[in-house]
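Numbering follows the working numbering, in which position 406 of the sequence shown is assigned residue number 1545; successive positions increment by one, without gaps.
Glycine included, each C-beta is placed from N, C-alpha and C at the ideal position.
Have a look at the structure below, then the notes.
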Amino acid sequence: MTMTVSFCRVAALVSLLAAGAATALLTFSLPSSPGVSTTRRTDFAGALPVANETPPLPHLSAPATPPPAPLLPPPAVRPRKREPSYWRMAPEVALRYAKKEIRNAEPVVDDPDLYAPLFKNVSQFKRSYELMERILKVYIYQDGRRPIFHTPPLSGIYASEGWFMKLLKESRRHVVADAGKAHLFYLPYSSQQLRLTLYQADSHNLRPLAAYLRNFVRGLANKYPFWNRTRGADHFLVACHDWGPYTTAAHRDLRKNAIKALCNADSSEGIFTPGKDVSLPETTIRNPRRPLRYVGGLPVSRRSILAFFAGNVHGRVRPVLLRHWGDGQDDEMRVYSLLPNRVSRRMNYIQHMKNSRFCLCPMGYEVNSPRIVEAFYYECVPVIIADNFVLPLSEVLDWSAFSVVVAEKDIPDLKKILQGISPRRYVAMHSCVKRLQRHFLWHARPIKYDLFHMILHSIWLSRVNQVELEG
C-alpha cells in the first residue's frame, strides 16, 4: 500500500514537469507579435537605457497599440564659443584678438536693444561693444592742476567733455590703477576750463593754450614710460569747445598720433583725422541734476511746421540761411535769428522743435552744432548744413537713416529738398530718430548703449583699428 502511494506521487510529479516543459516549448516557438520588442533604447538627450513595455497579447479585447513614432533629433544648437581669459593677455595681444573677432563677427539675428538700420554694420558693432565691455582698461593720469584738469563742466553746450570725464572716473569696469594693464591712457583736461583759465579776452591768441597742453604732455613723457612707447598713439583726449582741436597744435605727436574726441570735427583743417579721431556729439545740458528733462516729442501727425531754426547769426552759413528763408518769408520755413517775443509767447524754442518735422542745424563759427542732439531729444529729423563736418560717431552710425545733409551751396533749394522727401520716407526717418535717441542720452549712472558708452566704444574702436594683425 505504501509503495503504491509513493509511486503515484512520483508519477504526478513527472506529469507536472512534462506539462511545464511543453508550455515553455510552446511559448518559445510562437512568432513575435507586431510592436513587441525585448530590445532597449537610449534617449537622445543621453538618458539611461529604458526597456520598452510589452503591449497586450493579440487575443485580448483591447485595441492594438500602434508602433511609437520615431524619435527626431533635436535642432542643431551652435556650441557657445569659449571666451579666453582676457585679463591674462598682454594689452597688444588682446587688441589683436579683438580686431579679428570684430572682422569675423557673426550676424545678429535679433537683438531688442539694437535697431539695425541705425548702424553701418550692426553685427560688427555688437561684437565690438561686447569685447569693449570685457576687455577695455583705461589708465587716467592723476597729474595736472585744477581747474584745467579733473574739473569737468557739467552744464552748457560743452557739457559732453565734462560728463564723459565724470562717468569714466566713476567706472569700476574700465578704469585700472595698474598702467601696465591699460589699453588706453586718458588725458583728463577740459578745453572749456583751459579757455576760461588762460585765454586773454579779445586777444585772439590761442598759442598760450596750446603751449600749456604741450608742456603737460612733455611732463608726462618725462615722468612715465607710457607715452614714449607709442608716441601717444594709445592716449586720448575729449574736448568739446570749438577751440579743442587748436589746443593740440603745439605738440606734434599729440596732434598727429593721439586719439582726439572732438566736437569740432572739421576734416578740412588738417587736425581732425577721420578714421582715427572721433567726432564727439555736442550736447546742451541745462540742469545737471536732470539731464533728461524735456526729452520727448510729438507724433508726426501733430508736427505742423516743415522746418525750424532760431539762433545767433554768425559764421558763413547762417547769414545765407536767414537771407533766403528768414524774417517770415515762408510760413512753413520758420527761420529766425533770435526767437522774437511775439513768437515765443505763443511757442517757445523747445516747443518749436517738438512741432517741426525738420530741425535745421547750420554751422556757426565752426562746423559743430548742439542742435543736432537737441533734434534727437525732441524727436525732430535734423538737417545738417556744414561742409567738411565729420558727423558724430559716424564710424558706426548710418546718418542717412535719420538725418538730411544739405550742402551749403544748396541753401536756396532747401524747401524743395525737404518737400522732396516722401511721407513714407519721412515716417521711417522719424521712427529711426526715436530709436536713436537712447544712444545720445546722458545718465547719472551709465546704462548699456547710452552716450557715454557710445563715445567710449568709438575711442576703443579707433585704438583696435590701429593694431597690426600678425601674418
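Query	Result
Nearest candidate by alpha-carbon position, reference residue 1352, set 1319, 1317 and 1288	1288
Three-state secondary structure (DSSP) of residue 1170	Note that residue 1170 scores a pLDDT of 37, beneath 50, so its modelled location is shaky and nothing firm can be said.
Exposed unless 16 or more other CB atoms sit within 10 angstroms - verdict on residue 1607	exposed
Among 1409, 1465, 1550 and 1469, nearest to residue 1525 - alpha-carbon criterion	1550
Own chain, CB closer than 6 Å to residue 1473, minus 5 neighbours either side, in chain order	1444 and 1447
Cβ shell of residue 1491 (< 8 Å), same chain only, five flanking positions each side left out	1444, 1447, 1449, 1473 and 1478
Through-space distance from residue 1384 to residue 1506, alpha-carbon basis	12 Å
Inter-residue spacing [alpha-carbon to alpha-carbon] between residue 1453 and residue 1503	6 Å
Residue 1498, enclosing beta strand (DSSP E) - first and last residue	1495–1501
Three-state secondary structure assigned by DSSP to residue 1276	coil
Residue span of the beta strand (DSSP E) that contains residue 1375, given as start and end	1374–1378
Range covered by the alpha helix (DSSP H) that runs through residue 1516	1510–1516
C-alpha distance - residue 1349 paired with residue 1331, whole-angstrom precision	13 Å
Reference residue 1241, options 1257, 1541, 1261 and 1337, closest by Cα	1261
Enclosing alpha helix (DSSP H) for residue 1593 [first to last residue]	1590–1605
Buried or exposed by the 16-neighbour rule on C-beta atoms within 10 Å, applied to residue 1586	exposed
Start-end ranges of the alpha helix (DSSP H) lying completely within the stretch 1534–1578, minimum 4 residues	1553–1558 and 1562–1575
Cut-off 8 Å between Cβ atoms - residues of its own chain near residue 1273, not counting five sequence neighbours on either side	1222 and 1225
Three-way DSSP call (helix, strand, coil) for residue 1287 in this model	coil
Residue 1369 versus 1387, 1395 and 1386, residue with shortest Cα-Cα distance	1395
Residue 1424 vs residue 1319 beta-carbon contact at 8 Å	no
Cβ-Cβ distance between residue 1268 and residue 1379 below 8 Å	no
Beta-carbon contacts of residue 1592 that lie in its chain and below 7 Å, excluding the five residues immediately before and after	1585
Boundaries (first-last residue) of the beta strand (DSSP E) holding residue 1346	Careful: residue 1346 lies outside any beta strand (DSSP E), inside the alpha helix (DSSP H) at 1346–1362.
DSSP bridge partner residues for residue 1452 (one or two, in chain order)	Beta-bridge pairing links residue 1452 to no other residue.
Residue 1181 versus residue 1244 - alpha carbon distance	Because the pLDDT of residue 1181 is 36, which lies under 50, any placement of that residue in the model is unreliable, and the number read from its coordinates should be weighed accordingly. Cα to Cα, residue 1181 sits roughly 38 Å from residue 1244.
Straight-line gap, residue 1420 to residue 1413 (C-alpha atoms, nearest Å)	15 Å
Residue 1236, enclosing alpha helix (DSSP H) - first and last residue	1230–1242
CB contact flag (residue 1256, residue 1540, <8 Å)	yes
The stretch 1303–1314 touching the stretch 1275–1284, judged by at least three CB pairs closer than 8 Å	yes
Residue 1528 and residue 1404 closer than 8 Å at C-beta	yes
As assigned by DSSP and simplified to three states, the class of residue 1406	coil
Length of the line joining the Cα atoms of residue 1372 and residue 1535	21 Å
Neighbour-count burial assignment, residue 1564, 16 or more Cβ in a 10 Å radius	exposed
Contact check, residue 1234 vs residue 1322, beta carbons under 8 Å	yes
Short Cβ contact (8 Å threshold) for residue 1328 with residue 1283	yes
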